[in-house]
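Please read the structure below before turning to the comments.
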Amino acid sequence: MTDIEPFSKSQQKQNAKDITDLGNQLAQLSEAQLSALPYPEIEAAIKEYKRITKGNARKRQMLYIGKLIRQVDLAPIEDLIDRYDSSSDTHRLLVHQFESWRLRLLASDPLVITELGERYPALDRQALRTIVRDAQAEQAAVAEGTSTKAYRKLFQYLKRLHDQQLLADATMGAPSARDEDLEDPAL
């Protein structure tokens, strides 16, 4: 008898459903988020899926996406989904890191711009300083501390900078080790 037991029929169905669910999660990502996917065939199939409006055709396309996903390593796909799934730990850590950087920037921490420059070579220091200055001015003007336009813009700039770096790493074939460097500021 062999050491490897064949999967039961119900286990095979569950595996197929899991792959289809992974495809559905990929289909929920925006085009910019999807561009970080290291598999161009899957990316093209998902773009085609989004274009299709008829029910049965969409179902067939999703089955095709599932077939493509089964042929590749799942780790990069799962990492990409975790990065943008708001319920995942990776996404939670990213948001905490962005919040930490934003607070440090608003507190005029001189080391944070250096830290961001090392982490993200594409950092536009002048644009960042302008956004920080605008956010600080708005914070000073608003006594009750409500969120302001520049405050949100600073967070979005940090997020966009992170996404650009991930895209650059993906196109150069480098592993996305950037997320591994994250640390939970609450710890």
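The numbering of the sequence shown is the numbering used here, which starts it at 8 and goes up by one.
Note that CB positions come from ideal geometry on N, CA and C, so glycine has one too.
Does the distance from the CB of A52 to the CB of I72 come in under 7 angstroms?
For A52 and I72, yes; Cβs fall inside 7 angstroms.
So, for L87: in the same chain, excluding its five sequence neighbours on each side, which residues have a beta-carbon less than 7 angstroms away from its beta-carbon?
Correct list, in chain order: A43, L44.
Give me the Cα-Cα distance between L100 and E85, rounded to the nearest whole angstrom.
Between L100 and E85, the C-alpha separation is close to 16 angstroms.
Under three-state DSSP, which class holds A34?
Helix at A34.
What residue range is occupied by the uninterrupted alpha helix (DSSP H) comprising Y71?
Unbroken alpha helix (DSSP H) run through Y71: 62-77.
For W108 and R140, what's the separation of their Cα atoms in angstroms?
If I take the Cα positions, the gap works out to 14 angstroms.
Local conformation of F162 per DSSP, three classes
Helix at F162.
Check whether Q143 and L113 have beta carbons under 7 angstroms apart
Annotated as proximal: Q143 and L113, with beta-carbon spacing under 7 angstroms.
Compute the beta-carbon to beta-carbon distance between I49 and I76, rounded to the nearest angstrom, for a pair I have assumed lies under 8 angstroms.
Their Cβ separation, rounded to whole angstroms, is 6 angstroms, which keeps I49 and I76 in contact under 8 angstroms.
CB of Q171 within 7 angstroms of CB of A134, strictly
Not closer than 7 angstroms, so no.
Nearest residue (CA-CA) to K20, options L110, L70, R111, L173:
For the residues L110, L70, R111, L173, the minimum Cα distance to K20 belongs to L70.
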